[in-house]
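Below: one structure, written as structure tokens.
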Amino acid sequence: MFAAWGSWVARFRWPVLVIALCAVAAAGVWGMGVFGQLSEGGYYDPGSESTRAAETVQRALGARSGDVVVVYTPVGTTIDDPQFAQRVEQRLAALPRSAVTTVVSYWQAPSAAAAAAYAATDHSSAVAVLTLAGGDDGAKLDAYREIDDRLAVDGARVQAAGATPLADATAGRSAHDLAFAEAVSLPVVLVLLLFIFGSLVAAALPVVVGGTAVLGALGVLRAIAAAHDVNSFAVNVASLLGLGMAIDYGLFLVGRFREEQAAGRGTAEAVSRSVATAGRTVLFSASLLMIALAGLMLFPQGFLKSLAYGGLAAVALAALLSLTLLPALLALLGPRVDRLPVRLPGRRRTAGSGAGWARLAAAVLRRPVLVALPLLAGLLVLAAPIRGVQFGETDERTLPAGDPARQAVETLKAGYPALSTSGIQVVVRGDAAAGRAVAARVAGLPGVTAVTPAGSTGTLQVFTATPPDPDPFSAADRDVVEAIRALDPPDGAGVLVGGATARNVDSLAATAARLPLMIGLLAGATLVLMFLAFGSVLLPVKAVVLSALSLCATFGALVWIFQDGHGASLLRVTPAPLEVGIVVLMAAVVFGLSTDYEVFLLSRMVEARTRGASTAEAVTTGLARTGRVISAAAVLLVVVTGAFALSSIATMRFVGVGMIIALVLDATVVRMLLVPAVLAMLGEAAWWAPGPLRRLQARAGLAEYAASPAHPAAPPESTAPPESTAPAESTAPAGRHRRPDQAPVGAETSPAGGAPSETTVTFPAVSGATPAAPLPHLSLPHGPPPPGPPPHPPVGDRDEMPFAGRTAPPQVVARLDVTPAPGPDPDTIDAESMPTAGAMPPPLRSHRHALPPAPDRAEPGADNPGADG
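Numbering (the numbering used here), first residue to last: 129 to 997.
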């Protein structure tokens, strides 16, 4: 299936290229308008009690703390100076009604008692509370940007606090840091690709695919934003994953294409085989990562859904363009992919043949237990800080310490506790008597320092309970919320608890309720897809366990840094509880990337196993063939994601540092050391699957591998007639990895459409066998050639041989002359002592086979030892 797709793309390369580029360009131009449709909300569960409390107060009393709280600190005078008060009132009255619906300030309060709530305790400053026009966060943000430069007053220091100014500062810094990250990472990635490929043309291809994936993702996000709220952080996720994964996928496909061309294959066949191997792996890897990102859709928070939109759009386009645009470019370029060679220092040293990785595999395979145990212990030590993890929500600490929006919020919390969001909001639906009763019960709870009225109507009473800790995400404050909710309300009354602490409690509860579903989705999808890809029961289980261990180690390190504060000064971040939405996002992405590299590594191992390699040989071949590529892919992704660690926003820095830690652990400790060690300990059991499951995988038709050996084989001793010109191919021994279309060992086939050829293969002496009569002539027809002239290769040079899937299997006629050697056992031979034609001879099963009597004539399709080589 994959080879046929590669052939089709190679044949219609020009239409594919034009359609893909036009579609991506149109989506990118149109998608630039997404930045005006993004929101900064969606962090809370819309169905939670805290959300219902906020909506109830909003409907009954309006915005109590306002969308914007402007702090005026006079310089050289006091807040009660009439001239100063007149200047402030004139400035507030001049604000456009299209942006500001209501204004309540210290200077407009109806009484001195009411004004006291709008002045600092030391009367050094006073505030004005603004309610912005707009029905959602995006509209309020637009309204604030219309007035943010109209709030200044002569003779005063002005600070704008509140949720909307904080969102504006975060969005502005996020857009700036995203552009900076891309400007830094792309040139570095291009230089690294030059070191990897040594050619400017080859190096540019993954970057082109990455850029087009990001452009296309912007178009998808704008289409989604037209119907749903999309958080601005979704653009960051789309850029990070679109660029990173497209470069990774491009690296694997371009590398495999150059490998196929170096083996002497024509352009069309090289494209077909690259898509059939590396392209197939790309599709499986992208599917696993997309399923992990789709798990974010299970949570009620709009923020997580936005991250799923951005990630799914980026990864899907990265995979789609890697299987359409990139093969079309490769078919168009052909050998010209190596044009514009660049000689860089160290390039000769990096271009090895995999001998170093083979030596590493050999070292691990010699002592797998001694390698695995210390590494497992080290990962568990890294994961230990998870036991003390605390979760919060995005607040002013996500901004740098010197940011004006953060300083304004800190001023508000210190001088105006009634207007800050750190208090616990208690909403009583009932009359004044019910409100007084609830307030008295709340005041008597342990940890509550004060209960103050915050507004009332005839049927609604609102109070603010002051918790013991100024940090709203502390365990003590959460305990107070739970204690208030446990109180029995008076008869005929109802109580809702809101505020920042209650929102955090509700968000954690909603996340914990859906987390098992996400874990089940990730584990189940990984087990099913990896089984369909590799046909083994234990390989998917091993992948899930090691990926989970790598994920725990990554989060343990992040807790140690970002929550406990170790090294926080070097990163210039303020230690704070982890934002639960970002943690869930990181879990999905890190797990997906872990299985991504697992698929790339195991693909080559299973491919070698399909050719008959033992477990040790398959591990060595897989590591030697993919070690350098996986390491290069990890380095490239570290550069792309590591640029986000340079951001001034703690959330983006958390993602960048977390990705660096996860990639380093996964691409080195786990994939290059733990995986070979675990496979060595599992031995032959690693490839086992029950018979019914094997047949199910075979019917799925997804275990497709190239027909060439996993490693070069020495040509067998043969005497072929002149018309037999096709290269010899080795096959796997009979067993579960044997494909039915494989030819016998050493058998050569005629060109497509030609007459059957004969091959005489002389095997070396077999230890332990006695002389026997030579086997007669064996005719093994594989079906007659199709009628009419042979089909012409669809693309490529006219002297290219037809490639996979384009011609019918030819007839094969082989004469096997076995020269036996005397041995101690006249009745049996030892199968393990049979040499094979290859640099790495695969041992067969450890049982002994009795030689069957030589038949007079082999029927077509009959089983015989010669057919299996």
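For glycine and all other residues, C-beta sits at the position ideal for the given N, C-alpha and C.
Exposed unless 16 or more other CB atoms sit within 10 angstroms - verdict on residue i
i, result
"A155", "buried"
"G347", "buried"
"R867", "Caution is warranted here: a pLDDT of 39 is assigned to R867, below 50, making its placement in the model unreliable, and no coordinate value can be reported."
"L650", "buried"
"E183", "exposed"
"V499", "buried"
"W142", "exposed"
"E177", "buried"
"G811", "exposed"
"T70", "The requested residue 70 is not part of the displayed model; the chain covers only 129 to 997."
"T587", "exposed"
"T206", "exposed"
"L508", "exposed"
Bridge partners - residue i, DSSP secondary structure assignment
i, result
"Q287", "V199"
"I552", "A593 and G627"
"E707", "G520"
"N359", "S167"
"P293", "Answer is none; P293 lacks a bridge partner."
"P469", "S327"
"L810", "Its beta-bridge partners do not exist; DSSP assigns none."
"G622", "R557"
"L1012", "In the structure as shown, the chain begins at 129 and stops at 997. Residue 1012 is therefore absent and cannot be evaluated."
"L260", "V228"
"A247", "A254"
"L588", "R557"
Helix, strand or coil at residue i [DSSP, three-state]
i, result
"I777", "coil"
"L679", "helix"
"T580", "strand"
"P902", "In this prediction, P902 scores a pLDDT of 46, lower than 50, which makes its location untrustworthy; no coordinate-derived value is stated."
"S253", "coil"
"T229", "strand"
"L424", "helix"
"T723", "helix"
"L279", "coil"
"L527", "coil"
"L504", "helix"
"Q691", "helix"
"P532", "helix"
"R495", "coil"
"P334", "helix"
"R180", "helix"
"G770", "helix"
"M129", "coil"
"I207", "coil"
"G175", "coil"
"Y272", "helix"
"A640", "helix"
"S742", "coil"
Whole-Å CB distance - residue i paired with residue j, under 8 Å assumed
i, j, result
"L573", "A611", "5 Å"
"L764", "G750", "About 20 Å separates the two Cβ atoms, so there is no contact after all."
"Y172", "Q429", "7 Å"
"F601", "Q691", "Not a contact, Cβ separation roughly 11 Å."
"T743", "A490", "Between A490 and T743 the Cβ distance is about 13 Å, and since that is not below 8 Å, they are no contact."
"S239", "A256", "That belief does not hold up - the Cβ atoms of S239 and A256 are roughly 17 Å apart, past 8 Å."
"V1026", "P595", "What the structure shows of the chain is the stretch from 129 to 997, and residue 1026 is not part of that stretch, so it cannot be assessed."
"G563", "S584", "7 Å"
"A295", "E168", "3 Å"
Closer than 7 Å: residue i CB and nearest the ligand NAP heavy atom
i, result
"G134", "No copy of the ligand NAP appears in this structure; indeed no ligand is present at all."
Legend entry - Three or more C-beta pairs below 8 Å linking the segment 774-794 and the segment 700-720: yes
Inset, instruction - Report yes or no: do the segment 300-319 and the segment 367-378 share at least 3 C-beta pairs separated by less than 8 Å? - result: yes
Legend entry - Contact the segment 224-239 vs the segment 316-328: 3+ CB pairs below 8 Å: no
Inset, instruction - Say whether the segment 533-548 touches the segment 280-289, bearing in mind that this needs 3 or more beta-carbon pairs closer than 8 Å, one atom from each stretch. - result: yes
Inset, instruction - Could you tell me whether the segment 431-444 touches the segment 385-405, using the rule of 3 or more Cβ pairs below 8 Å? - result: no
Legend entry - Touch test, the segment 197-205 against the segment 287-306, Cβ-Cβ under 8 Å, three pairs minimum: yes
Inset, instruction - Specify whether the segment 486-503 and the segment 674-684 touch according to this definition: at least 3 beta carbon pairs, one from each stretch, less than 8 Å apart. - result: no
Inset, instruction - Tell me, please, whether the segment 404-412 touches the segment 332-346 by the rule of three or more beta-carbon pairs shorter than 8 Å. - result: no
Inset, instruction - Inspect the CB distances between the segment 270-283 and the segment 200-220 and report whether three or more fall short of 8 Å. - result: yes
Inset, instruction - State whether the segment 509-518 contacts the segment 261-279, with contact taken as three or more CB pairs (one from each stretch) at a distance under 8 Å. - result: no
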